[in-house]
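**Student:**
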Ligand code: ATP
């Protein structure tokens with residue numbers, strides 16, 4: 020990694036007796052799109068606010084761009100924050116909102132106007148400068164908030180759930196735009212989100228947090244394919260866990276059968292005895308009548324299904340297993356959607372399993 024723009028060692032945060040951050044060690048590189056992901060109350064906003072300087076560090080060290088930030092006020096840090104609420108001034112115009120942070124700068128009026136115009140272009144609001152801020156839609160307000168933060172040219176942009184107030188379609192559009200914008204400006208973005216899909220789509224790396232600690236820090240693919248713990252696996256995407264028994268390198272999985280597994284499939288190590296085998300819905304498939312496969316096959320019955328148009332999710336109860344496995348199948352012409360109670364031959368591979376002891 021290049022020398023980190025953000026470097027935290029052993030950072031703790033207490034609110035009175037409440038231990039909100041419990042020893043955070045974290046390096047974030049210049050130019051990264053980094054996400055803090057976790058359920059409500061895990062401490063991700065606290066961590067972001069600590070980096071911004073709105074909260075002090077109770078214990079540990081926070082360096083920004085190599086400098087210790089203890090006692091450094093938020094406006095003296097190389098960071099800027101975009102809030103969930105956007106914090107737009109409704110009585111000002113769009114241009115006045117965007118230029119707000121420059122009001123005390125020594126730039127000429129023309130240079131300020133040019134900077135405002137460029138920032139608005141950057142977020143796709145070129146020509147909106149004279150509009151009243153109160154008349155903007157949610158998505159447009161979000162863009163104004165971004166332009167206002169970017170005009171100050173921070174080294175790090177901190178984003179606290181910036182898209183959570185938008186409806187699904189607009190949120191997806193803004194996810195793409197934020198990603199594009201980050202690549203264009205090249206500065207470090209740190210996004211707080213509780214939406215795992217959002218984090219996977221947007222980030223170079225993600226820190227998954229539970230109860231004030233980082234449970235796993237990895238790129239999206241590693242996080243999804245090789246979750247470090249069962250809790251991370253449950254939080255990121257869908258995974259079915261089947262009871263399993265380990266002996267040596269061999270795992271006997273209820274409903275599926277015996278499989279040899281590699282060390283990298285066992286994040287906590289492999290020890291003899293009871294375990295759980297995790298499997299993602301898209302790594303199993305249901306064979307249609309007459310379909311051949313070189314994969315291994317288990318027999319079951321469709322217990323439940325959910326039709327999504329492009330996909331169908333099946334819950335299949337495999338022979339010899341109490342709990343159903345979830346299987347996602349692309350809907351294709353000539354492949355009828357199976358009904359409840361239909362027999363299902365399920366194809367699987369040993370290398371698709373993740374074993375948790
Ligand atoms: P959310 O997504 O709900 O905002 P989060 O992961 O961002 O959750 P934080 O806002 O960082 O969580 O809060 C972490 C914990 O610290 C919570 O239990 C919260 O109640 C507590 N907390 C946060 N701010 C304060 C404060 N100013 N005083 C006391 N406790 C606080």
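In the working numbering, the protein residues as written are 20 to 376. Ideal Cβ positions, reconstructed from N, Cα and C, are used throughout, including at glycine. If you're wondering where the values come from, they're calculated on a predicted model, not measured in any experiment.
(1) Hey, which unbroken runs of the beta strand (DSSP E) at 3 residues or more fall wholly within the region 34-110?
(2) Taking residue 304 as the reference, which of 273, 342, 350 has the closest Cα?
(3) According to DSSP, simplified to helix, strand and coil, what is residue 243?
(4) Pair every Cβ in the region 52-66 with every Cβ in the region 198-209, then say whether three or more of these pairs are closer than 8 Å.
(5) Roughly how many whole angstroms lie between the Cα atoms of residue 290 and residue 251?
(6) Is there a Cβ from chain C that is less than 8 Å from the Cβ of residue 123?
(7) Report all residues from its chain with a CB closer than 6 Å to the CB of residue 190; omit the five preceding and five following residues, and keep chain order.
(8) Within 10 angstroms of the Cβ of residue 19, are there 16 or more other Cβ atoms? Answer buried if so, exposed if not.
(9) Check whether the Cβ of residue 285 lies closer than 7 Å to any heavy atom of the ligand ATP, and answer yes or no.
(10) Could you work out which residue in 299, 322, 334, 335 is closest to residue 370 when comparing CA atoms only?
(11) With DSSP collapsed to three states, give me the class of residue 355.
(12) Taking C-beta to C-beta, are residue 242 and residue 265 nearer than 8 Å?
(13) Runs of 4 residues minimum, wholly inside the region 266-313: which ones carry the alpha helix (DSSP H) assignment?
(14) Can you tell me whether residue 153 is helix, strand or coil according to DSSP?
(15) Apply the 10 Å Cβ neighbour rule to residue 280 and answer buried if 16 or more other Cβ atoms are within range, or exposed otherwise.
(16) Which ranges would you report for the beta strand (DSSP E) in the region 144-226 if only whole runs of at least 3 residues count?
(17) Among all residues, which have a Cβ less than 6 Å from at least one non-hydrogen atom of the ligand ATP, and in what chain order do they fall?
(18) Can you check DSSP and say which residues form a bridge with residue 326?
(19) Please confirm if the region 329-340 is in contact with the region 356-363, defined as three or more CB-CB distances below 8 Å between the two stretches.
(20) Kindly indicate which three-state DSSP category residue 363 falls into: helix, strand or coil?
(21) Classify residue 372 as helix, strand or coil using the three-state DSSP reduction.
(22) Skipping 5 residues on each side, what residues in its chain have a beta carbon closer than 6 Å to that of residue 260?
(23) Rounded to a whole number of angstroms, what is the C-alpha to C-alpha distance between residue 335 and residue 341?
(24) To the nearest angstrom, how far is the alpha carbon of residue 126 from that of residue 41?
**Tutor:** The structure says:
(1) 37-48, 52-56, 78-83, 98-101
(2) When each option's Cα is compared against that of residue 304, the closest is 350.
(3) helix
(4) yes
(5) 20 Å
(6) Absence of chain C from the displayed structure is noted, only one protein chain being present.
(7) 182
(8) Examination of residue 19 is not possible in this model, given that the chain is present from 20 through 376 alone.
(9) no
(10) 299
(11) coil
(12) no
(13) none
(14) helix
(15) buried
(16) 175-179, 207-212
(17) 34, 37, 39, 57, 59, 60, 61, 62, 63, 64, 65, 213
(18) 331
(19) yes
(20) strand
(21) coil
(22) 295, 297
(23) 11 Å
(24) 43 Å
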